[in-house]
Amino acid sequence: MIHIFYPDESADSAYSVNYKALYNRGYRGILFDIDNTLVEHGKDADERAKKLIRNLNELGFKICFISNNSEERVKRFNKDLHQSYVYKAGKPSKAGYIKGMKTLGTTPPTTVFIGDQLFTDIYGARRAGLKSIFVKPIGKDTEIQIILKRYLEKIVLFFYTHFNTKGKIRK
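Numbering (full-length UniProt numbering), first residue to last: 1 to 171.
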């Protein structure tokens with residue numbers, strides 16, 4: 001039962017994922033969570049995020065941000081990035097992921113999702129049939145519901161790293 005929350009891969013951050021390898025394996029679309037995946041919660045896109053998205057576009061990836069936040073929040077983050085986005089995505093419902101893929105013109109076999117929360121991001125991506133990459137959160141959580149989820153995530157991650165044959169948290 002706990003396996004439904006396991007990501008396909010994991011990395012220290014969205015900035016340490018081997019995107020060229022993903023592209024070489026046939027992935028063409030990336031759906032990203034925003035808060036604590038690309039920037040600290042509530043922050044605008046910083047230079048590091050801008051550079052990553054620019055590099056991914058140059059590599060040939062289409063990008064879509066998938067967020068449970070309001071349109072105002074996602075628009076503000078995306079202001080200088082000019083990528084597709086889905087706001088109020090309702091993660092872990094698969095509808096937001098499907099909408100993101102439709103926007104990009106990709107399919108589950110050619111799309112990867114990257115996020116920092118197992119119970120919303122990764123579980124939703126799995127439900128939508130996507131390859132999922134779990135990354136460690138960037139910032140410190142301040143919302144009580146996320147803080148509580150992080151404690152439960154630690155249990156899942158313990159089993160993922162110690163008993164999952166796919167292996168360890170990878171860089």
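The beta carbon of each residue, even a glycine, is placed where N, CA and C say it ideally should be.
Rounding to the nearest angstrom, what Cα-Cα distance links residue i and residue j in this structure?
{"i": "Pro-92", "j": "Ile-122", "result": "8 angstroms"}
{"i": "Lys-94", "j": "Glu-47", "result": "30 angstroms"}
{"i": "Lys-131", "j": "Pro-7", "result": "8 angstroms"}
{"i": "Glu-58", "j": "Phe-65", "result": "17 angstroms"}
{"i": "Leu-118", "j": "Lys-51", "result": "26 angstroms"}
{"i": "Val-135", "j": "Phe-159", "result": "16 angstroms"}
{"i": "Gly-105", "j": "Ala-49", "result": "23 angstroms"}
{"i": "His-3", "j": "Arg-126", "result": "10 angstroms"}
{"i": "Lys-43", "j": "Gly-124", "result": "23 angstroms"}
{"i": "Gly-29", "j": "Tyr-19", "result": "11 angstroms"}
{"i": "Lys-75", "j": "Thr-103", "result": "16 angstroms"}
{"i": "Gly-167", "j": "Arg-73", "result": "Because the pLDDT of Gly-167 is 46, which lies under 50, any placement of that residue in the model is unreliable, and the number read from its coordinates should be weighed accordingly. Near 35 angstroms, if we compare the C-alpha coordinates of Arg-73 and Gly-167."}
So what's residue i in DSSP terms, helix, strand or just coil?
{"i": "Val-39", "result": "strand"}
{"i": "Thr-106", "result": "coil"}
{"i": "Val-74", "result": "helix"}
{"i": "Ile-114", "result": "strand"}
{"i": "Ile-34", "result": "coil"}
{"i": "Ile-63", "result": "strand"}
{"i": "Lys-171", "result": "Here Lys-171 scores only 33 on pLDDT, less than 50, and its place in the model should not be relied on; the value that follows carries that caveat. In the structure shown, Lys-171 sits in coil (DSSP, three-state: anything other than H, G, I, E or B)."}
{"i": "Ala-11", "result": "strand"}
{"i": "Ile-138", "result": "coil"}
{"i": "Gly-29", "result": "strand"}
{"i": "Lys-50", "result": "helix"}
Compute the beta-carbon to beta-carbon distance between residue i and residue j, rounded to the nearest angstrom, for a pair I have assumed lies under 8 angstroms.
{"i": "Ile-133", "j": "Glu-40", "result": "Their Cβ separation, rounded to whole angstroms, is 19 angstroms, which puts Ile-133 and Glu-40 out of contact at 8 angstroms."}
{"i": "residue 172", "j": "Glu-71", "result": "Since the displayed the chain opens at 1 and closes at 171, residue 172 lies outside it and no answer follows."}
{"i": "Thr-120", "j": "Asn-68", "result": "7 angstroms"}
Output yes or no for whether 8 angstroms exceeds the beta carbon distance between residue i and residue j.
{"i": "Gly-129", "j": "Pro-108", "result": "yes"}
{"i": "residue 174", "j": "Thr-111", "result": "With the chain covering 1 to 171 only, the question about residue 174 has no answer from this structure."}
{"i": "Leu-31", "j": "Phe-113", "result": "yes"}
{"i": "Leu-38", "j": "Ala-11", "result": "no"}
Return no unless some Cβ of chain D is closer than 8 angstroms to the Cβ of residue i.
{"i": "Phe-32", "result": "Included in the structure is just one protein chain, with no chain D present."}
Taking 6 angstroms as the limit between beta carbons, can you name the residues of its chain near residue i, skipping five residues before and five after?
{"i": "Leu-137", "result": "One detail in the question is off: residue 137 reads as Pro in this sequence, not Leu. Only Asn-36 and Asp-116 meet the Cβ criterion."}
{"i": "Gly-100", "result": "Leu-31, Cys-64, Ile-66 and Val-86"}
{"i": "Ile-34", "result": "Phe-65, Ser-67 and Phe-77"}
{"i": "Phe-61", "result": "Ile-30"}
Is residue i close to the ligand SAM? I mean its beta-carbon at under 7 angstroms from any heavy atom of the ligand.
{"i": "Ser-13", "result": "Ligands displayed in this structure: none; no statement on the ligand SAM is therefore possible."}
Only counting the same chain, and skipping five residues up and downstream in sequence, which positions put a Cβ closer than 7 angstroms to that of residue i?
{"i": "Ile-53", "result": "Ile-63, Leu-81 and Gln-83"}
{"i": "Phe-5", "result": "Leu-118, Phe-119, Ile-122, Tyr-123 and Val-156"}
Note down, in chain order, each residue of its chain lying with its Cβ closer than 8 angstroms to the Cβ of residue i, except the 5 sequence neighbours on either side.
{"i": "residue 174", "result": "This structure does not reach residue 174, given that the chain is present from 1 up to 171, and the question cannot be answered."}
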